[in-house]
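Student:
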Amino acid sequence: MVKVDRSFPAPESLAEEAKKVTGRYDRQDVIERLKKDFHNKCYICEMKELQDPNVEHLLPHKNGKYPERKFNWENLFWACGHCNSMKNNNKYDAGIIDCCKQDPEKYLYFCIENDDVVIEVKDSDNELQKRTALLITETFSMKNTGMRTYTSNERLRLLQKEMDVLYKQLEKIHNMPDSKVIRRTIRSLLRRESAFAAFKRCYVREHAAEYPELQQYLESDS
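Start counting at 1 in the sequence shown, then tack on 10, and there's your number in the working numbering.
Set out below in structure tokens:
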């Protein structure tokens, strides 16, 4: 999960649909804006080029029980079906970090240890951070059904593949520190809109002593 810049004003259809008894929050203008704002990447697991995108509510509207949430542009997010299903659990009803208003990288630590995703919070007393960390962890590790086992494993596989790409480029920069081509590649990998960016950015940040020249890409977001 990384910081996302939401565009304004809200899509025009939301105000019109909110007036209807059976109004929809997923009209074409909403879909197009969310896909663009979130770079067609799930805001929770960060998988890219979604084939099963969902319009997800940060705070649930509970089948219209909270209409003010249902059509609120700032409450609508771009998520994959897997993560939307995972978040549809009462334990997340109180909310998670709003990545359009807060920078998750300031509050969470992302890494892979022994083929498992580990998300740690920087404030152990902060319930919002802890719920967010738990949700992201579960999206890569939940295996309580056959389909969730498959989709969780697939996300972990793609994450590891993306991290391997980064590791190889970091090894190359050690051998050819002046290569502009390698630097451009790493810069692209560290952009927030790239797949699984939080994990890659956290790795480079945690290894600042080894890659001091790459820290500028994290600060400026390239």
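Cβ atoms here follow ideal geometry from the backbone N, Cα and C, with glycine treated the same way.
Beta-carbon within less than 8 Å of Q139's beta-carbon, same chain only, minus the 5 sequence neighbours each way: which residues are those?
Tutor: These residues qualify, in order along the chain: I107, Y117, L118, V131, K132 and D133.
Student: Does the Cβ of H67 have 16 or more other Cβ atoms within 10 Å, making it buried, or fewer, making it exposed?
Tutor: Result: buried.
Student: What number of angstroms, rounded off, separates the C-alpha of F18 from the C-alpha of V191?
Tutor: Their Cα atoms are separated by approximately 35 Å.
Student: Buried or exposed: which applies to P70, given that a residue is buried once 16 or more other Cβ atoms fall within 10 Å of its Cβ?
Tutor: Buried, since its Cβ has 16 or more Cβ neighbours within 10 Å.
Student: If the criterion is Cβ atoms closer than 8 Å, does the pair R39 and E27 meet it?
Tutor: The sequence shown places Asp at residue 39, not Arg. Going by C-beta atoms, D39 is not nearer than 8 Å to E27.
Student: Which residue from D15, L24 and A20 puts its Cα closest to that of H49?
Tutor: Residue D15 is the option with its Cα nearest to H49.
Student: Please list the segments of the beta strand (DSSP E) lying wholly inside the segment 17-83, counting only runs of 3 or more residues, in order along the chain.
Tutor: Here the runs fully enclosed are 63-67.
Student: On the DSSP letters alone, give me the boundaries of the beta strand (DSSP E) that Y119 sits inside.
Tutor: That run of the beta strand (DSSP E) goes L118 to E123.
Student: With DSSP collapsed to three states, give me the class of E229.
Tutor: It is helical.
Student: State whether the segment 209-227 contacts the segment 182-201, with contact taken as three or more CB pairs (one from each stretch) at a distance under 8 Å.
Tutor: Contact holds: three or more Cβ-Cβ distances are below 8 Å.
Student: Could you check if K29 is buried or exposed, using at least 16 other CB atoms within 10 Å of its CB as the buried criterion?
Tutor: Burial call: exposed.
Student: Measure the alpha-carbon distance for S232 versus A208 and round it to whole angstroms.
Tutor: In this prediction, S232 scores a pLDDT of 41, lower than 50, which makes its location untrustworthy; no coordinate-derived value is stated.
Student: What residue range is occupied by the uninterrupted alpha helix (DSSP H) comprising F87?
Tutor: Careful: F87 lies outside any alpha helix (DSSP H), inside the beta strand (DSSP E) at L86 to C90.
Student: Between G33 and F81, how many whole angstroms is the CB-CB distance? I'm expecting something under 8 Å.
Tutor: Going by Cβ atoms, the distance from G33 to F81 rounds to 7 Å, so yes, they are a contact pair.
Student: How many whole angstroms separate the CB atoms of N64 and N94, which I take to be in contact at a CB cut-off of 8 Å?
Tutor: Going by Cβ atoms, the distance from N64 to N94 rounds to 4 Å, so yes, they are a contact pair.
Student: Rounding to the nearest angstrom, what Cα-Cα distance links Y227 and L145 in this structure?
Tutor: Whole-angstrom Cα-Cα distance: 27 Å.
Student: Suppose the cutoff is 7 Å on Cβ atoms and the five residues either side in sequence are ignored; what does the same chain contact list for D62 look like?
Tutor: For D62, where only same-chain residues beyond five positions count, the Cβ hits under 7 Å are C90 and G91.
Student: Are the CB atoms of V127 and T159 nearer to each other than 8 Å?
Tutor: Cβ atoms of V127 and T159: not closer than 8 Å.
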